[in-house]
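Visitor: Can you read through this structure? Questions will come right after.
2 protein chains.
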Amino acid sequence: MIYFDNAATTWPKPPEVWQAMEHCIKSVGANPGRSGHRMALQAGRLVDEAREQLSLLFNISNPDRIVFTLNATEALNLAIKGLLKPGDHVITSSMEHNAVTRPLHLLQGKGVEVTKVACAGDGSIRVTDINSAVKQNTVAIIITHASNVTGTLMPLAEIGQLAKRKKLRLIVDAAQTAGVFNLDVPFMNIHLLAFPGHKGLYGPTGTGGLYLVDGLELETLKEGGTGSMSHLPDLPDLLPERYESGTLNAVGLSGLAAGLKFVRNEGTEKIRQYEMNLTSRFLAGAKKVKGLKVYGPEELYERAPVVAFSLAGKNSGRVGMLLDQEYNIACRAGLHCAPDAHKTLGTFENKLVRFSFSYFNKEEEIDSAILALTEIAALPNERFYEVKDSPCGC
Amino acid sequence: MIYFDNAATTWPKPPEVWQAMEHCIKSVGANPGRSGHRMALQAGRLVDEAREQLSLLFNISNPDRIVFTLNATEALNLAIKGLLKPGDHVITSSMEHNAVTRPLHLLQGKGVEVTKVACAGDGSIRVTDINSAVKQNTVAIIITHASNVTGTLMPLAEIGQLAKRKKLRLIVDAAQTAGVFNLDVPFMNIHLLAFPGHKGLYGPTGTGGLYLVDGLELETLKEGGTGSMSHLPDLPDLLPERYESGTLNAVGLSGLAAGLKFVRNEGTEKIRQYEMNLTSRFLAGAKKVKGLKVYGPEELYERAPVVAFSLAGKNSGRVGMLLDQEYNIACRAGLHCAPDAHKTLGTFENKLVRFSFSYFNKEEEIDSAILALTEIAALPNERFYEVKDSPCGC
Numbered sequence: 001m002i003y004f005d006n007a008a009t010t011w012p013k014p015p016e017v018w019q020a021m022e023h024c025i026k027s028v029g030a031n032p033g034r035s036g037h038r039m040a041l042q043a044g045r046l047v048d049e050a051r052e053q054l055s056l057l058f059n060i061s062n063p064d065r066i067v068f069t070l071n072a073t074e075a076l077n078l079a080i081k082g083l084l085k086p087g088d089h090v091i092t093s094s095m096e097h098n099a100v101t102r103p104l105h106l107l108q109g110k111g112v113e114v115t116k117v118a119c120a121g122d123g124s125i126r127v128t129d130i131n132s133a134v135k136q137n138t139v140a141i142i143i144t145h146a147s148n149v150t151g152t153l154m155p156l157a158e159i160g161q162l163a164k165r166k167k168l169r170l171i172v173d174a175a176q177t178a179g180v181f182n183l184d185v186p187f188m189n190i191h192l193l194a195f196p197g198h199k200g201l202y203g204p205t206g207t208g209g210l211y212l213v214d215g216l217e218l219e220t221l222k223e224g225g226t227g228s229m230s231h232l233p234d235l236p237d238l239l240p241e242r243y244e245s246g247t248l249n250a251v252g253l254s255g256l257a258a259g260l261k262f263v264r265n266e267g268t269e270k271i272r273q274y275e276m277n278l279t280s281r282f283l284a285g286a287k288k289v290k291g292l293k294v295y296g297p298e299e300l301y302e303r304a305p306v307v308a309f310s311l312a313g314k315n316s317g318r319v320g321m322l323l324d325q326e327y328n329i330a331c332r333a334g335l336h337c338a339p340d341a342h343k344t345l346g347t348f349e350n351k352l353v354r355f356s357f358s359y360f361n362k363e364e365e366i367d368s369a370i371l372a373l374t375e376i377a378a379l380p381n382e383r384f385y386e387v388k389d390s391p392c393g394c
Numbered sequence: 001m002i003y004f005d006n007a008a009t010t011w012p013k014p015p016e017v018w019q020a021m022e023h024c025i026k027s028v029g030a031n032p033g034r035s036g037h038r039m040a041l042q043a044g045r046l047v048d049e050a051r052e053q054l055s056l057l058f059n060i061s062n063p064d065r066i067v068f069t070l071n072a073t074e075a076l077n078l079a080i081k082g083l084l085k086p087g088d089h090v091i092t093s094s095m096e097h098n099a100v101t102r103p104l105h106l107l108q109g110k111g112v113e114v115t116k117v118a119c120a121g122d123g124s125i126r127v128t129d130i131n132s133a134v135k136q137n138t139v140a141i142i143i144t145h146a147s148n149v150t151g152t153l154m155p156l157a158e159i160g161q162l163a164k165r166k167k168l169r170l171i172v173d174a175a176q177t178a179g180v181f182n183l184d185v186p187f188m189n190i191h192l193l194a195f196p197g198h199k200g201l202y203g204p205t206g207t208g209g210l211y212l213v214d215g216l217e218l219e220t221l222k223e224g225g226t227g228s229m230s231h232l233p234d235l236p237d238l239l240p241e242r243y244e245s246g247t248l249n250a251v252g253l254s255g256l257a258a259g260l261k262f263v264r265n266e267g268t269e270k271i272r273q274y275e276m277n278l279t280s281r282f283l284a285g286a287k288k289v290k291g292l293k294v295y296g297p298e299e300l301y302e303r304a305p306v307v308a309f310s311l312a313g314k315n316s317g318r319v320g321m322l323l324d325q326e327y328n329i330a331c332r333a334g335l336h337c338a339p340d341a342h343k344t345l346g347t348f349e350n351k352l353v354r355f356s357f358s359y360f361n362k363e364e365e366i367d368s369a370i371l372a373l374t375e376i377a378a379l380p381n382e383r384f385y386e387v388k389d390s391p392c393g394c
């Protein structure tokens with residue numbers, strides 16, 4: 001099988017990820033940060049290792065400012081709902097995932113003002129437009145680092161500068177970029193960074209997290225046992241415990257630590273180079289496929305390794321299905337949990353097919369996919385009847 | 001090592017649990033409920049299998065009313081904060097875990113009225129006391145099925161009857177009982193059941209869930225991508241998606257499905273019998289240990305396989321440390337994330353040592369532990385200086 005659905009979750013994982021999980025569940029199976037016995041302390045060290053690896057990757061000086069969540073969606077919910085209060089104004093883009101737009105939509109009903117800066121047809125945003133949207137009561141900018149539909153990279157360093165100048169908080173959704181791009185959190189002036197563990201960091205599902213800049217305090221999303229200062233009726237102020245109520249996914253986080261070590265050993269520069277080479281190869285091949293239209297930026301350096309496209313006259317869902325069933329290519333066709341992005345691109349009705357590459361894809365797979373798309377493009381359009389609303393592919 | 005910390009998380013797990021996880025991560029590594037390709041559908045089926053196994057275990061007719069969370073704490077947060085509104089009154093017990101007391105404490109600050117019914121010195125509650133606490137604005141009873149400190153079983157069926165009579169919602173924390181006791185949700189009139197996946201159900205960490213009775217709608221805790229109806233600005237009404245924003249822990253849930261199959265194959269009756277036999281053996285042996293005081297009910301049938309005790313004149317934290325370091329017995333000494341329970345027992349200052357048994361413990365281990373405690377009891381009290389606030393053991 002050719003797996004081009006890495007924007008949903010990367011597969012395969014490096015073998016050491018499973019090995020670490022197996023070791024954890026077989027030999028260090030206790031609850032981290034709870035009991036004081038040696039196995040529990042050992043489990044705690046596995047979790048801390050993931051935190052340390054993350055801090056090294058993102059240039060975060062205090063690993064305890066990274067809190068673990070079920071996934072990036074939970075991290076974004078904690079960041080957005082923990083920060084914003086009624087009367088606050090927040091600026092976001094028209095290319096966001098539902099993990100940003102839906103919490104914001106809920107907050108709008110509770111008195112938070114939201115401005116969605118319109119992005120261009122290739123998904124790009126102009127920093128001047130963000131600047132123009134700033135008002136007296138603006139408290140934050142919330143933006144994806146790269147669109148999960150088109151792979152369009154947002155000018156994060158510049159947006160960070162703007163946030164700094166205007167004294168706004170910058171919340172970044174790094175779902176598509178953590179592990180793929182250098183994310184220097186202090187340099188980029190990021191205050192809250194939400195990331196999944198199971199995409200570019202090659203950890204398993206059930207892992208994700210949020211970095212909180214020093215001194216920033218959020219309303220908690222969940223309260224419960226923290227394993228320390230249990231006598232308090234409130235959550236302790238201490239991080240990471242304050243935002244990590246309940247038992248952590250120690251098994252998953254031990255896998256994430258191994259994934260992070262893999263990423264740091266290979267180096268994000270090398271990973272990015274490799275994945276962008278695949279992307280470039282695909283984009284070059286796609287130009288020769290009749291009726292294939294790629295969405296997103298022309299320039300490779302403005303992209304993450306995510307490509308969305310359509311075939312003229314052909315229903316995207318049906319193209320995705322054919323790719324899966326007749327060519328054994330796993331990809332994602334639909335709205336990709338990002339209806340705003342599809343509205344921006346003008347593809348809300350017809351949707352798109354998305355290919356997303358990882359470090360484990362091969363050039364031959366790109367070539368096979370181009371061949372498959374060439375064949376599909378040559379099929380009569382009548383075969384591409386509409387497929388009823390299918391899952392969306394986050 | 002002797003592992004008596006199963007109330008925090010069970011260990012070891014049945015081999016089929018990690019075998020299922022290995023299969024998932026190696027061969028079905030896609031994102032469930034997102035993309036439409038075969039591997040994603042296969043991942044979805046693994047998750048559905050966990051849901052179906054749970055519905056069979058708890059006698060729930062519609063598996064889609066079970067939603068997955070990171071842990072039982074998240075499930076309790078969703079239940080409590082999703083249900084209660086300012087002006088509502090809720091009744092709980094004085095034996096609850098911080099996963100219940102801390103969300104309630106937060107809600108008290110937002111206008112929710114909370115009555116904590118005082119339990120007896122053995123942790124037991126009188127249903128008449130709950131009945132007396134019902135007021136005009138009471139909407140729910142929130143109660144643990146068994147104390148995570150003393151193992152005291154609450155009279156759930158009776159409380160369910162009361163809830164039915166008074167038209168109250170019943171929220172149950174099954175952290176210590178799911179998989180150990182028959183939990184017949186409709187029979188017990190339970191409206192919201194929160195359970196961990198990694199304790200008595202023998203799944204891995206990173207799994208837990210909440211059952212919601214038909215027709216009951218909660219405020220969501222998190223909003224984001226749901227993999228279906230992505231075009232909506234709000235979350236869809238559809239369950240389980242409505243309460244499962246973001247990528248699920250498919251790897252962990254495939255392990256949970258295997259744990260559940262193990263539990264159902266063995267049978268909760270047999271598991272309970274076995275664990276209560278261990279508990280009974282420990283209680284009998286403990287009677288002969290000088291100065292050992294067991295907390296909780298006298299009668300075995302009023303207990304879960306969790307035993308808390310103290311040794312006269314000896315600091316509990318230090319006893320736990322000795323058990324670990326000199327006898328290789330992993331247990332939990334401290335407040336167990338349940339300060340209210342310790343206040344009820346009168347052990348808030350001196351804390352307790354907790355042993356909690358699983359289906360994988362052996363009678364010989366109980367005997368070794370009794371021997372160890374006999375030796376420790378004979379040591380001069382001066383050796384048991386106070387240990388500074390240590391983790392609490394949820």
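Protein chains in written order, with the numbering used here: chain A, 1 to 394; chain B, 1 to 394.
Cβ atoms here follow ideal geometry from the backbone N, Cα and C, with glycine treated the same way.
Expressed to the nearest angstrom, what Euclidean distance is found between the alpha-carbon atoms of histidine 105/A and asparagine 77/A?
Guide: Taking the straight line from one Cα to the other gives about 12 Å.
Visitor: By the criterion of Cβ-Cβ separation under 9 Å, what are the contact partners of threonine 73/A in chain B?
Guide: Simply Lys222, Glu223, Gly224, Gly225, Ser245, Gly246 and Thr247.
Visitor: Residues of chain A with CB closer than 8 Å to the CB of methionine 321/B, please, in chain order.
Guide: Ordered by position in chain A, the residues that pass the 8 Å Cβ test against methionine 321/B are Gly36.
Visitor: Please list, in chain order, the chain A residues whose beta carbon lies closer than 8 Å to that of glutamate 326/B.
Guide: Per Cβ cutoff of 8 Å: no residues; glutamate 326/B is ~12 Å from chain A at best.
Visitor: Using a Cβ-Cβ cut-off of less than 8 Å, give me the residues of the segment 14-44 of chain B that come near chain A, in sequence order.
Guide: So the close ones are Val17, Trp18, Met21, Glu22, Ile25, Lys26, Gly29, Ala30, Asn31, Gly33, Arg34, Ser35, Gly36, His37, Arg38, Met39 and Ala40.
Visitor: Keeping to the same chain, check which residues put their C-beta closer than 6 Å to that of alanine 312/B; ignore five residues upstream and five downstream.
Guide: Cβ neighbours of alanine 312/B beyond the five flanking positions: Gly291.
Visitor: With 8 Å as the threshold, decide whether the Cβ of proline 103/B is near any Cβ in chain A.
Guide: Cβ-Cβ to chain A under 8 Å: yes for proline 103/B.
Visitor: Identify the contact partners of histidine 231/A in chain B, using a Cβ-Cβ distance below 7 Å as the criterion.
Guide: Neighbours of histidine 231/A on chain B, chain order: Leu335 and Pro339.
Visitor: Entirely within the segment 115-159 of chain A and at least 4 residues each: give me those alpha helix (DSSP H) ranges in chain order.
Guide: Listed in chain order, they are 127-133.
Visitor: Using the C-alpha atoms, what's the distance from glutamate 113/B back to glutamate 96/A?
Guide: Those two C-alpha atoms are separated by around 39 Å.
Visitor: Report the CB separation of leucine 397/A from alanine 140/A in whole angstroms; it is logged as a contact under 8 Å.
Guide: There is no way to answer for residue 397/A, as the model of chain A reaches only from 1 to 394.
Visitor: Could you round the C-beta distance between proline 196/A and valine 67/A to whole angstroms and report it? I think they count as a contact, below 8 Å.
Guide: No, proline 196/A and valine 67/A are not in contact; Cβ-Cβ is about 14 Å, not under 8 Å.
Visitor: Less than 6 Å between C-beta atoms, sequence neighbours within five positions excluded: which residues of the same chain meet that for alanine 157/B?
Guide: So the list reads Met188, once near-sequence residues are dropped.
Visitor: What in chain A is Cβ-close to arginine 331/B, meaning under 8 Å?
Guide: Per the sequence shown, residue 331/B should be read as cysteine rather than arginine. By Cβ distance, chain A contributes Ser35 and His37.
Visitor: Does any CB atom of chain B fall closer than 8 Å to the CB of histidine 145/A?
Guide: Histidine 145/A does not count as touching chain B.
Visitor: Under 7 Å Cβ to Cβ from lysine 185/A, same chain only, skipping five residues before and after it: list those, please.
Guide: Residue identity differs from the one stated: residue 185/A is valine in this sequence, not lysine. Excluding positions up to five away in sequence, the list reads Phe58, Asn59, Ile60, Leu193 and Tyr211.
Visitor: On the DSSP bridge assignment, give the partners of valine 294/B in chain order.
Guide: DSSP, once it has assigned bridges, lists Phe309/B as partnering valine 294/B.
Visitor: So isoleucine 401/B and isoleucine 142/B are supposed to be a Cβ contact under 8 Å. How far apart are they, rounded?
Guide: As displayed, chain B neither begins before 1 nor continues past 394, which places residue 401/B out of reach and without an answer.
Visitor: Would leucine 412/A pass as a contact of serine 228/A if the rule is Cβ separation under 8 Å?
Guide: Here chain A has residues from 1 to 394 only, and residue 412/A is not among them.
Visitor: Would you call the segment 158-173 of chain B in contact with the segment 16-35 of chain B, where contact means no fewer than 3 C-beta pairs closer than 8 Å?
Guide: Touching, no, given that fewer than three Cβ pairs across the two stretches are closer than 8 Å.
Visitor: Phenylalanine 384/B to arginine 318/B, Cα distance in whole Å?
Guide: Phenylalanine 384/B and arginine 318/B: Cα-Cα distance of roughly 6 Å.
Visitor: Quick one: which chain B residues come within Cβ less than 9 Å of glycine 252/A?
Guide: Neighbours of glycine 252/A on chain B, chain order: Pro204, Thr205, Gly206, Asn249, Val251 and Gly252.
Visitor: Can you find at least 3 beta carbon pairs, one from the segment 268-286 of chain B and one from the segment 301-311 of chain B, that sit closer than 8 Å?
Guide: A contact exists between the segment 268-286 of chain B and the segment 301-311 of chain B.
Visitor: Cα separation between valine 117/B and histidine 231/A?
Guide: One C-alpha to the other measures close to 19 Å.
Visitor: Could you spell out where the alpha helix (DSSP H) holding serine 93/A opens and where it closes?
Guide: Here serine 93/A belongs to no alpha helix (DSSP H); instead the beta strand (DSSP E) covers 89-93.
Visitor: Just the chain B side, please: which residues come within less than 9 Å of proline 196/A by C-beta, in chain order?
Guide: Chain B residues near proline 196/A: Gly246 and Thr247.
Visitor: For the beta strand (DSSP E) holding serine 356/A, just list the boundary residues, first then last.
Guide: Residues 352-356.
Visitor: Roughly how many angstroms lie between the CA atoms of arginine 45/B and leucine 260/B, to the nearest whole one?
Guide: Looking at the two C-alpha atoms, the distance is approximately 15 Å.
Visitor: Name, please, each residue of chain A whose Cβ falls closer than 8 Å to the Cβ of leucine 76/B.
Guide: Result: Gly224.
Visitor: Name the chain B residues that come within less than 7 Å of asparagine 98/A, Cβ to Cβ?
Guide: Within 7 Å Cβ-Cβ: Gly224, Gly225 and Ser230.
Visitor: Determine the chain B residues that contact proline 86/A at a beta-carbon separation under 7 Å, and present them in chain order.
Guide: Residues of chain B passing the Cβ test: none, with the nearest at roughly 14 Å.
Visitor: Select from Leu253/A, Glu269/A and Leu352/A the residue whose C-alpha is nearest the C-alpha of leucine 70/A.
Guide: Measuring from the Cα of leucine 70/A, the nearest candidate turns out to be Leu253/A.
Visitor: Count the other CB atoms, across all protein chains shown, that sit within 10 Å of the CB of glycine 267/B; report buried if there are 16 or more and exposed otherwise.
Guide: That one is exposed.
Visitor: Since phenylalanine 357/A contacts threonine 279/A with CB under 8 Å, what's their CB separation in whole angstroms?
Guide: The pair is a contact, with the Cβ atoms about 6 Å apart (cut-off 8 Å).
Visitor: For proline 391/A, which three-state DSSP category applies?
Guide: At proline 391/A, the pLDDT of 49 sits below 50, so the modelled position is not reliable and the matter cannot be decided from this model.
Visitor: Residues in its own chain within less than 6 Å of glycine 179/B by CB, not counting five upstream and five downstream?
Guide: Correct list, in chain order: Gly200, Leu201 and Val263.
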